[in-house]
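Novice:
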Amino acid sequence: MPFTFAHPAIILPLYKKPHLFSMTALIIDSMALDFEYFLIMEVKSALSHSLAGIFLFDLPMTLVIAYIFHFIIR
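Right, dumping it as structure tokens:
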């Protein structure tokens, strides 16, 4: 299983310019590639690590989780 929570480390340099980027979206999107592993409970990717998966899986998953975080959890 990949170490998904290490992915936001690449986003940390962008933290100095929060007015340019949504940190919530960047952090969630950096981990969205691996959400498929947690949903199907297998270490093989059928969709999320492909070009089509960016638009069909990663982007919708990021939007849903960001919405849940901002309007339900927070």
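1 is the number of the first residue of the sequence shown in my numbering; add one for each residue after it.
We treat Cβ as the ideally placed atom computed from N, Cα and C, and that holds for glycine.
Counting only the same chain and skipping the five closest in sequence on each side, list residues whose C-beta sits under 6 Å from that of S45.
Specialist: E36
Novice: Please give the ranges of any alpha helix (DSSP H) in the segment 11 to 37, keeping only runs that are unbroken, at least 4 residues long and fully inside the region.
Specialist: 23 to 32
Novice: On the DSSP letters alone, give me the boundaries of the alpha helix (DSSP H) that I65 sits inside.
Specialist: Secondary structure note for I65: its alpha helix (DSSP H) is the uninterrupted segment L59 to I68.
Novice: Can A66 and I28 be called in contact, C-beta distance under 7 Å?
Specialist: In contact: A66 and I28 (Cβ atoms closer than 7 Å).
Novice: Can you tell me which of L14, F5, L20 and H19 puts its alpha carbon nearest to the alpha carbon of A32?
Specialist: F5
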